Structure formats: C-alpha cells, structure tokens
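In this note's numbering, the protein residues as written are 460 to 630.
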C-alpha cells in the first residue's frame, strides 16, 4: 500500500498558497469557532436565564460560519502524468478551478527575495518592521517565467523544487 501512495505522490504536487488573501478570513473563522465553543461551554457552566434555543442558534451560527471561513484556501495542483495544472480555490469540500495544459517547462529555479518591511502605525493593528525573506520556485517556459510559487521557509522551497523537478523529469 505504501508503494501505491508513493506513486500517487509522484504524480501530483499540491502547492497551498499562503499569500492568497484568505489568511484574514481563516483567522476570523477560527475566532468564530472559538466563540461558538465558548458560548456552549458557558451555557453549561453558568445557569443562564437565556432560552436554550437562543444559545443553540448563536453558538451553532458561530460554529457554521467559523467552519466555512476556516476551510478557505487556494493553491495550485500539478498533475505531472497528464501534463496539466489548475489553480484552485477551496472551501469546505467544494473546489473550483479549471485544468489547463502545462507548457513545456525548461527549467525550475530557486530564487530568494529579501526586503525590509516597514508599516506605518495606525493605532489599531500591531506594526512589524524587519527583514523578510521569501523563497520562490520559479518555473520557466521558453526562457520566461511561467509560474512562481512562494515559500516562507527555505527547506520547504527546496523540497518543492525537488518534487517539481522529479515530476517534470528535469534533472
């Protein structure tokens, strides 16, 4: 069985985007989930005068909204065997995205981009200033950039680079 899963893993590569604009909604979803759990726990701990139906509606609504928002994500799925890819968006078990043909990839490179962040304080959100490094796996087709995949950690980028090279047969 292990050999079958190894072959399946070689056929596909799933890149989950972290900079897709869903980080905020996912965090909000986790807050809703925590709020729903807290409402349920407090109703058991304290003797509340509120009707159980209202408590269930508030907690249930928070849990449902939280579950939906927490599952938002997007990425790029590569099917190396059939030479295609799709950029997808997913929530719950629903996924959208169309398969497209993968052009002939000549080269895959690892590039890192370092820069200094500086945010203006606004009095509401914490400001983080400092050096940031993003590691990119860049897929080149006919000498031009076809796709770039961003990673926060160098090891994850190197692992992805190796898997993509193996999947595309680039050595």
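Note that the Cβ used here is the ideal one computed from N, Cα and C, for glycine as well.
Please read these numbers as outputs of a predicted model, since none were measured by experiment.
Check	Outcome
What residues match up with residue 473 in a beta bridge as DSSP calls it?	536
Exposed or buried, residue 564, counting other C-beta atoms within 10 Å across all chains shown (16 or more means buried)?	buried
Label residue 475 either buried or exposed according to how many other C-beta atoms from any shown protein chain fall within 10 Å of its C-beta, with 16 as the threshold for buried.	exposed
For the alpha helix (DSSP H) containing residue 502, list its first residue and its last residue.	482–504
Check each candidate in 614, 560 and 472 and name the one with the smallest Cα separation from residue 537.	472
Keeping to the same chain, check which residues put their C-beta closer than 7 Å to that of residue 577; ignore five residues upstream and five downstream.	588
Measuring alpha carbon to alpha carbon, tell me which of 527, 630 and 619 ends up nearest residue 553.	527
Let's test the definition: count the other Cβ atoms within 10 Å of the Cβ of residue 465 and tell me whether it reaches 16, buried, or not, exposed.	Legend: pLDDT at residue 465 = 46, less than 50; position of this residue unreliable, value from coordinates given subsequently. Per the 10 Å Cβ criterion, exposed.
Give every residue of the same chain whose Cβ lies closer than 8 Å to the Cβ of residue 462, excluding the five residues on either side of it in the sequence, and list them in chain order.	Bear in mind that the predicted position of residue 462 carries a pLDDT of just 44, short of 50, making it too unreliable to give a figure here.
Measure the alpha-carbon distance for residue 568 versus residue 606 and round it to whole angstroms.	11 Å
How is the beta strand (DSSP E) around residue 528 delimited, first residue to last?	Here residue 528 belongs to no beta strand (DSSP E); instead the alpha helix (DSSP H) covers 511–529.
Specify whether the segment 508–527 and the segment 481–491 touch according to this definition: at least 3 beta carbon pairs, one from each stretch, less than 8 Å apart.	yes
Taking the alpha helix (DSSP H) that residue 626 falls in, what are its first and last residues?	613–627
Could you tell me whether the Cβ atoms of residue 549 and residue 561 are closer together than 9 Å?	no
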